[in-house]
Amino acid sequence: MSGGLPAKDRPGRQAWLGPIALGIGLVSWLVPGGIPVALVAVACGAWSVRTRGPYRIDGTAVAGAVAGGLQVLFSLLLLAADSAGR
Numbered sequence: 001m002s003g004g005l006p007a008k009d010r011p012g013r014q015a016w017l018g019p020i021a022l023g024i025g026l027v028s029w030l031v032p033g034g035i036p037v038a039l040v041a042v043a044c045g046a047w048s049v050r051t052r053g054p055y056r057i058d059g060t061a062v063a064g065a066v067a068g069g070l071q072v073l074f075s076l077l078l079l080a081a082d083s084a085g086r
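Written out as structure tokens, the structure is:
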């Protein structure tokens, strides 16, 4: 298996980093001022990818990090547009 072990077989608490990142990343879109929440999602996703060891990259961790990152980007764009008076 050149890709490594399946991400779903990760042992212990590290197995929850991907689903937590995805859940928090999606919740960040529902919370007003969701930048801090989105940053937690990005951190959980990055931590999951960083500590994967012999396991494949967890797709839910990547999706959560992307959802959180997009929330941060969108919020910063809105903030820039608001400060420019548009």
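If you count the sequence shown from 1, position 80 lands on 80 in UniProt numbering, and the numbers rise without skipping. Cβ atoms here follow ideal geometry from the backbone N, Cα and C, with glycine treated the same way.
So is residue i buried or exposed if we call it buried at 16+ other beta carbons inside 10 Å?
i     : result
Met1  : With a pLDDT of 43 at Met1, under the threshold of 50, the modelled position of this residue cannot be trusted; read the value that follows with caution. With fewer than 16 Cβ atoms within 10 Å of its Cβ, Met1 is classed as exposed.
Gly12 : exposed
Ser83 : exposed
Ala80 : exposed
Arg50 : exposed
What did DSSP end up calling residue i once you bin it into helix, strand or coil?
i     : result
Leu22 : helix
Ala84 : coil
Do you know offhand how far residue i's Cα is from residue j's?
i     : j     : result
Leu76 : Ala63 : 20 Å
Ala65 : Gly18 : 9 Å
Leu30 : Asp9  : 31 Å
Asp58 : Ala46 : 10 Å
Gly25 : Pro54 : 25 Å
On the premise that residue j lies in contact with residue i, defined as a C-beta separation below 8 Å, what is that separation, rounded to the nearest angstrom?
i     : j     : result
Gly23 : Gln71 : Gly23 to Gln71, Cβ: 13 Å. No contact.
Ala61 : Ala21 : 5 Å
Does the beta carbon of residue i sit closer than 8 Å to a beta carbon anywhere in chain D?
i    : result
Asp9 : Among the protein chains of the structure shown there is no chain D, as only one such chain exists.
Contained alpha helix (DSSP H) runs [length at least 4] in the stretch 4-77, N- to C-terminal order: 17-27, 35-50
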